[in-house]
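Accompanying notes for the structure given below.
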Amino acid sequence: MTADVPVRWYLTLYVSGASPRSAAALEAVRRLADEDLAGQVELEVVDVRDEPALVVRDDILAVPTLVKRLPPPLRKLVGDLSDTGRVRLALDLRPEPPVRTDQEGS
Amino acid sequence: MLYGKEEWLAEGGAMTVSAGERHPPRTEARLAKAPSGIRGFDQVTDGGLPRGRPTLVTGASGSGKTMFAVEFLVRGARDYGEPGVLLTFEESADDLIENVASLGFDLTQLERDGMLVIDAIHVDPAEVVATGAFNLDGLFIRLAGAVEEVGAKRVVLDTIEVLFGALGNEGIVRGELARLFRWLKSRGLTAVVTGERGRAGQLTRFGIEEYVSDCVIVLDHRVLDDVSTRRLQVAKYRGSAHGTNEYPFLITDRGVTVLPITAAGLRYGAPTERVSTGLAQLDHLLGGGVYRGSIVMVSGSAGTGKTTLAAQVVDAACARGEQALFVSFEESPDQLVRDMRSVGIDLGRWVDAGVLRMWSERATAFGLESHLGRLERMLEEQAPQVVALDGIASLGHVGSPSEVTSAVTRELDLVKARGITGVLTTLTHESDSAASALSVSSLIDTWLLLRNVETDGERNRLLFVIKSRGTAHSNQVREFVLTDHGAELLEVVVGPRGVATGSARAALLAEEHIGAVTRREDLDQRRAALAQRAAEVAAQIAVLQAKLAAEGAEVDRLAAQETHRDEARRSARSVLGAARGDSTASGDTAPEHPTPGPEEEV
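What follows is the structure, encoded as structure tokens:
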């Protein structure tokens with residue numbers, strides 16, 4: 000493993016149309032992707048109304064849900080991602096204070 | 000507690016309890032029911048589950064909730080042409096398919112036929128991180144997709160409460176579930192929602208009964224005296240009559256069977272046809288046999304010939320060409336055939352001819368409920384006209400007396416409801432031989448008691464007809480004799496010391512015979528004596544008559560002498576008169592002094 004693998008995070012965000020919660024979640028993910036995960040994330044946004052097959056594949060019940068496929072373990076972040084602390088924890092990110100993520104985990 | 004008022008009101012305000020309960024006609028009109036197809040359940044609920052509404056099925060784990068729910072779908076698809084959707088949160092689709100295959104349900108086939116969609120939703124709480132507000136659109140979309148795929152009329156959510164644990168935020172889940180149930184109702188879907196029994200008597204752990212308030216079914220699985228019994232109770236059924244008892248139910252290889260204790264409601268027909276018991280003398284005692292479809296109980300202590308009597312009835316039925324079922328709780332079929340052959344009843348030939356089915360089982364092996372399930376199944380498969388249940392008292396080893404009584408009651412209900420003539424034998428002890436060990440006598444139409452009498456170093460059997468409904472049955476006792484050509488009833492001999500049986504009977508009969516002979520001889524003697532007496536009397540009469548005749552003759556002789564004397568006197572007088580010159584008249588009228596002289600001389 001090297002520290003500079005271009006893509007470390009594979010994320011899928013399930014949203015439902017233009018609901019406020021979905022919008023909030025999308026906003027939060029975008030921000031993370033731009034800041035903490037810059038350049039290392041592949042983000043897919045899926046509208047559950049359009050892709051029922053994916054909903055089944057990922058066992059999605061709640062919307063919005065952010066699925067973290069990589070790095071392991073698999074995590075489903077349920078909700079509008081407003082609880083930033085838990086979101087960062089779940090994504091294996093350092094806690095809130097803006098610290099550069101130049102070190103990889105193990 | 001959240002009562003979800005606004006949810007119900009959103010349904011159009013028609014859900015007020017009082018409106019439903021106070022105006023049954025309106026309720027009737029509204030309360031369409033969807034038959035569950037689960038045997039017995041539709042009887043208990045008078046038609047099934049509320050159509051177009053969710054029903055909560057709750058119980059501890061392992062109480063059979065999933066089985067109930069799956070059967071509801073399978074029967075709907077198979078028997079009522081109503082496709083279904085099964086949303087399971089508990090197990091994988093493969094596991095589920097495998098599990099219910101043991102109930103005889105082929106879910107894969109139903110899926111292939113487009114009658115069923117199984118959607119197994121895997122929720123692993125460990126994977127889930129709650130990060131804020133959400134809704135359950137994912138679930139809605141899956142459900143809606145599945146419902147549309149097959150045009151489902153029925154939906155099962157098994158066990159949706161998992162969501163509370165998995166998604167964290169209970170408030171949101173509650174709100175979303177309320178929305179889900181509204182959605183189900185608005186689609187007119189008949190739904191079964193399973194729930195896990197909560198602590199301290201709560202119906203469900205998370206109180207989802209709040210949302211499913213039309214119909215609540217509680218399942219229970221308890222083990223009492225090492226015997227497990229599953230029970231079902233309709234705890235609530237808004238706007239519908241329903242039995243409130245706890246009904247035992249079974250999970251068999253044909254699915255769930257609820258066994259209403261007396262759901263038949265005593266609505267049996269009452270055939271007037273009599274069927275022979277195979278014993279002409281017994282038929283006679285019973286006024287021509289027993290009614291078809293009635294229940295005959297033969298009770299008695301060990302070795303009184305109960306089984307033989309039951310076999311006789313079965314034998315007679317087979318001989319009439321009827322189907323018969325012989326259930327023994329005491330002997331194996333082979334042993335039974337052998338034993339009955341020894342008294343001249345050949346059951347083996349009926350088995351070979353396919354008219355008799357024999358089944359033996361120790362009731363202890365499985366418990367009462369499964370026993371009932373199997374009995375019902377056999378009654379259904381074979382459709383016998385006569386059933387013998389031999390040794391039901393041994394059911395008493397399985398459960399408490401009340402349970403056994405209820406099991407036997409239901410057993411008899413199963414039999415009676417089908418118009419089958421039933422013979423059951425039960426062991427009683429000599430001391431209380433007039434009481435049924437199982438206190439089911441009120442269900443019995445004809446009760447025969449066999450009793451051993453011990454006299455003169457013998458045990459002999461007596462048969463009493465204790466009761467026989469609808470029959471002017473005999474009050475007499477008969478001696479019940481097992482011969483090598485079956486059982487026989489003999490008229491009893493009543494001697495000075497009561498009823499005589501066996502050799503006492505023979506002795507008494509002999510005594511009577513001797514007595515008769517003696518009396519006959521006595522009579523002859525008396526007759527002879529009488530004849531003699533008559534002869535004597537006749538002789539005496541002859542003697543007397545002879546005396547009479549003799550006396551009569553003497554009187555005649557004296558009379559003749561007197562005549563001669565008169566003539567002599569007259570002639571003497573006329574001679575004297577002539578000599579004196581007197582008239583004869585003066586001589587006649589002047590006898591002033593007696594004249595003994597001449598009289599003496601003559």
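Same order as they appear, the protein sequences are chains A and B. In case it helps, numbering that gives the first Met the number 0 puts the first sequence at residues 0 to 105. In case it helps, numbering that gives the first Met the number 0 puts the second sequence at residues 0 to 601. In this text, a Cβ means the ideal position worked out from N, Cα and C, and glycines have one as well.
Taking DSSP as the reference, what is the three-state secondary structure of S101 (chain B)?
-> Annotated three-state conformation of S101 (chain B) is coil, per DSSP.
Do R153 (chain B) and E81 (chain B) come within 8 Å of each other at the CB atom, strictly closer than that value?
-> For the 8 Å CB-CB criterion, E81 (chain B) and R153 (chain B) form a contact.
Whole-angstrom distance between H563 (chain B) and A545 (chain B), CA atom to CA atom | Our two residues, A545 (chain B) and H563 (chain B), have alpha carbons roughly 27 Å apart in a direct line.
Classify H22 (chain B) as buried or exposed, calling it buried when 16 or more other Cβ atoms lie within 10 Å of its own Cβ.
-> Bear in mind that a pLDDT of 41 at H22 (chain B), under 50, signals an unreliable position, so the model cannot answer this.
Using the C-alpha atoms, what's the distance from E330 (chain B) back to T454 (chain B)?
-> Their backbone Cα atoms lie some 30 Å apart in a straight line.
Nearest to R77 (chain B) (by Cα), restricted to the options B:F88, B:E126 and B:A151 | Checked all of B:F88, B:E126 and B:A151; the closest Cα to R77 (chain B) is B:A151.
Shorter than 8 Å from the beta carbon of D412 (chain B) to some beta carbon of chain A?
-> Not an interface residue.
Between K75 (chain A) and T64 (chain A), which are expected to be in contact by the criterion C-beta below 8 Å, what is the C-beta distance as a whole number of angstroms?
-> With a Cβ gap of about 5 Å, K75 (chain A) and T64 (chain A) count as contacting.
Do the stretch 163-176 of chain B and the stretch 197-215 of chain B make contact, defined as three or more Cβ pairs closer than 8 Å?
-> Contact between the stretch 163-176 of chain B and the stretch 197-215 of chain B is present, because at least three Cβ pairs lie under 8 Å.
Answer yes or no: does any C-beta atom of chain B fall closer than 8 Å to that of L12 (chain A)?
-> Not closer than 8 Å to any Cβ of chain B, the Cβ of L12 (chain A) fails to qualify, so no.
Using a C-beta to C-beta distance shorter than 7 Å, which residues of chain B count as neighbours of G78 (chain A)?
-> A129, T130, G131, A132 and F133, listed in chain order.
Own chain residues within Cβ distance below 8 Å of R186 (chain B), not counting five before or after = These residues qualify, in order along the chain: V146.
So, does the CB of A32 (chain A) fall closer than 8 Å to a CB anywhere in chain B?
-> By this cut-off, A32 (chain A) is not an interface position.
Option nearest R106 (chain A) by Cα separation, candidates A:D35, A:G16 and A:D58 = Because chain A is modelled from 0 through 105, residue 106 (chain A) falls outside the range shown and cannot be assessed.
When the Cα of L156 (chain B) is compared with those of B:L249, B:R52, B:R579 and B:Q108, which residue comes out closest?
-> Closest in alpha carbon position to L156 (chain B), among B:L249, B:R52, B:R579 and B:Q108, is B:R52.
Just by C-beta distance, which residues in the stretch 77-92 of chain B are closer than 8 Å to chain A?
-> Within the stretch 77-92 of chain B, no residue qualifies.
Looking only at C-alpha atoms, which of B:T470, B:V215 and B:R376 sits nearest to D444 (chain B)?
-> Looking at B:T470, B:V215 and B:R376, the one whose alpha-carbon comes closest to that of D444 (chain B) is B:T470.
According to the neighbour-count rule (16 or more other Cβ atoms, all chains shown, within 10 Å of its Cβ), is Q311 (chain B) buried or exposed?
-> Result: buried.
Given D112 (chain B) as reference, the closest of B:V73, B:E410, B:H283 and B:K466 once Cα atoms are compared | In terms of Cα proximity to D112 (chain B), the closest of B:V73, B:E410, B:H283 and B:K466 is B:V73.
Bridge-paired residues (DSSP) for K235 (chain B) | According to DSSP, K235 (chain B) bridges with B:V215.
Going by CA-CA distance only, name the one from B:G286, B:S502, B:T482 and B:G485 that's closest to V491 (chain B).
-> Looking at the Cα atoms, B:S502 is the closest of the given residues.
Cβ atoms of V386 (chain B) and I419 (chain B): under 8 Å apart, would you say?
-> Contact: yes.
Please state whether DSSP places D314 (chain B) in a helix, a strand or coil.
-> Annotated three-state conformation of D314 (chain B) is helix, per DSSP.
Under 8 Å between C-beta atoms, does L60 (chain A) make it to chain B?
-> Using a CB distance cut-off of 8 Å, L60 (chain A) counts as an interface residue toward chain B.
Pull up the distance between the alpha-carbon of D389 (chain B) and that of Q280 (chain B), whole angstroms please.
-> Per the coordinates, the alpha-carbon of D389 (chain B) lies some 22 Å from the alpha-carbon of Q280 (chain B).
E126 (chain B): contacting residues in chain A (beta-carbon distance under 8 Å) = Neighbours of E126 (chain B) on chain A, chain order: P72, L73, R74 and K75.
Identify the continuous beta strand (DSSP E) that holds V172 (chain B) and give its terminal residues.
-> Annotation for V172 (chain B): no beta strand (DSSP E) segment contains it, though the alpha helix (DSSP H) segment containing it runs E169 to S185.
Proximity below 8 Å, CB of L42 (chain A) to CB of L12 (chain A) | With a cutoff of 8 Å on beta-carbon distance, L42 (chain A) and L12 (chain A) are scored as near each other.
Measuring alpha carbon to alpha carbon, tell me which of B:G421, B:M66, B:S369 and B:A416 ends up nearest V403 (chain B).
-> Nearest option by C-alpha distance: B:S369.
Name the chain A residues that come within less than 9 Å of H121 (chain B), Cβ to Cβ?
-> Here the neighbours are D58.
Which value, in whole angstroms, describes the spacing of the CA atoms of E126 (chain B) and M357 (chain B)?
-> Distance between the alpha carbons of E126 (chain B) and M357 (chain B): 57 Å.
Using beta-carbon positions only, say whether Y246 (chain B) and V257 (chain B) come within less than 8 Å of one another.
-> Their beta carbons are under 8 Å apart, which means Y246 (chain B) touches V257 (chain B) by this criterion.
DSSP puts V479 (chain B) in a beta bridge; with which residues?
-> One point to set straight first is that residue 479 (chain B) is Phe, not Val, in the sequence displayed. The secondary-structure analysis by DSSP pairs F479 (chain B) across a beta bridge with B:R460 and B:L488.
Could you confirm whether any beta carbon from chain A is found closer than 8 Å to the beta carbon of G372 (chain B)?
-> Residue contact with chain A for G372 (chain B): absent (no Cβ-Cβ distance below 8 Å to any residue of chain A).
Apart from the five residues just before and just after R85 (chain A), which ones in its own chain have a Cβ nearer than 7 Å to its Cβ?
-> Around R85 (chain A), the same chain offers no residue with a beta carbon nearer than 7 Å, after the five sequence neighbours per side are excluded.
Using a C-beta to C-beta distance shorter than 7 Å, which residues of chain A count as neighbours of G630 (chain B)?
-> Any question about residue 630 (chain B) goes unanswered here, given that chain B covers just 0 to 601.
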